[in-house]
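Report on one structure; see the data block that follows.
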Amino acid sequence: MAIVRSRRQSRLTGLVRYTALLVAALLFLVPFYLLVRSAFMREQDLSSPDFHWLPPVWETANLTGLFDNPAIPMARSLLNSGVIAVTQTIAVLVVSGLAGYGLARIPYRWSNVVFYAITATLLIPAAVTFVPSFVLVSTLGWISTLRGLIIPGLFQALATFLFRQFFLGFPKEIEEAAFIDGLGYWGTFWRIVVPNSMGFVAAIGTITFIGSWNAFLWPLVIGRDQESWTVQIAVSTFLTAQSVQVSQLFMAALVAIVPLLLMFLFLQRWIVEGVERTGIAGD
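Set out below in structure tokens:
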């Protein structure tokens with residue numbers, strides 16, 4: 008009797024848990040539903056007092072009109088954001104990964120000092136370094152160029168800190184076997200450590216890509232010409248225009264998040280593995 012009661016309680020607990028998860032998932036999906044619905048609606052339907060669960064008429068012209076708008080170079084902005092995000096992500100993974108591995112494994116007298124100095128930069132607010140960074144980029148003549156948008160973000164102290172902490176917990180036995188086979192630190196890192204750390208690398212890469220793709224203030228200040236606009240700047244112009252086309256604003260927002268959704272779906276398995284192994288989300 009006790010066993011049957013225990014099984015019933017277990018099933019009830021599982022049912023309540025899955026119901027709560029389902030409700031939470033639906034609540035998180037509501038903004039995406041409203042975004043997709045509004046992106047394919049006509050202006051008169053959006054301003055109508057009657058709520059429509061689905062567009063009465065699927066207005067695909069919003070998508071074509073978005074890219075045909077001569078005042079907003081959406082295609083160019085998407086390309087710029089893609090180049091900036093991909094370049095910065097690859098650079099951060101390589102530079103911060105090598106720095107983190109060196110600080111964790113290579114014996115050096117001042118390694119702790121260097122690590123503490125890098126960690127200390129995390130305590131400095133971004134607003135403090137914004138003006139000096141702008142002055143430096145302006146002096147180099149990088150205003151309205153991809154160099155000015157990309158190069159200042161090629162190194163991240165947080166990524167270096169996370170890589171270092173992760174490599175401290177990496178099994179030394181695997182590396183020692185590689186050293187016995189004649190591999191040095193460089194070969195061990197690329198041929199042994201990196202292939203066995205893809206979950207963590209994917210998690211850091213995803214965080215870096217999303218941050219770079221969604222960056223707004225720095226591209227707004229540096230990208231003064233339309234040729235150097237990012238997708239976030241292009242989307243913001245719909246809000247500052249004299250006549251706001253709400254349907255195209257929703258369509259622009261939808262187009263801006265599609266690359267992030269595709270990347271997340273493609274790297275989902277590695278991202279979950281990296282979060283579980285590294286504890287990025289906390290205990």
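Mapping the sequence shown onto this note's numbering, position 81 (from 1) lands on 88, and the numbers just tick up by one. Every residue, glycine too, gets a C-beta built ideally from N, C-alpha and C. All values derive from a computational prediction rather than experimental measurement.
Closer than 9 Å to chain D by CB, residue i
i    : result
T195 : Looking at the structure shown, chain D is missing, and only one protein chain is on hand.
Residue range of the unbroken alpha helix (DSSP H) whose run includes residue i
i    : result
A164 : 164 to 175
I157 : 153 to 157
N87  : 81 to 112
S140 : 133 to 146
Q51  : 50 to 53
L73  : 68 to 75
F122 : 118 to 127
S219 : 205 to 220
T237 : Taken as a continuous stretch (DSSP letters only), T237 belongs to no alpha helix (DSSP H), as it is neither H nor E.
I181 : 179 to 187
V228 : 224 to 229
Beta-carbon contacts of residue i that lie in its chain and below 8 Å, excluding the five residues immediately before and after
i    : result
L261 : L42, V43, A46
T213 : M270, F271, L274, I278
Q255 : N69, G72, L73, N76, F245
L129 : A164, L165, F168
T67  : F47
H59  : R44, M48, D52
Own chain residues within Cβ distance below 6 Å of residue i, not counting five before or after
i    : result
V238 : S84, L85, S88, A263
F122 : L110
F74  : M81, A82
F162 : V102
A241 : I79, M81, S84
Q233 : P80
D290 : Note that D290 has pLDDT 38, beneath the 50 cutoff, so the model's placement of it is unreliable and the number below is only indicative. Taken in chain order, the list of residues that qualify is empty.
I125 : A164, T167
W236 : S84, G230
P132 : none
Check whether residue i and residue j have beta carbons under 9 Å apart
i    : j    : result
S219 : G160 : yes
L100 : A166 : yes
T215 : Q51  : no
E182 : R112 : yes
F186 : N203 : no
L153 : V201 : no
R49  : I150 : no
W225 : L156 : yes
V144 : I229 : yes
S54  : V253 : yes
Cβ shell of residue i (< 7 Å), same chain only, five flanking positions each side left out
i    : result
G191 : none
D57  : none
M258 : A46, N69, L70, L73
P63  : D52
V23  : none
N221 : Q239
S140 : P159
A92  : F216, S219, W220
L61  : R44
Contact between the region 170 to 177 and the region 95 to 112 (3+ Cβ pairs under 8 Å):
At 8 Å Cβ cutoff, the stretches touch.
Stretch pair the region 91 to 100 + the region 198 to 214: three plus CB contacts closer than 8 Å
Verdict: yes, contact present.
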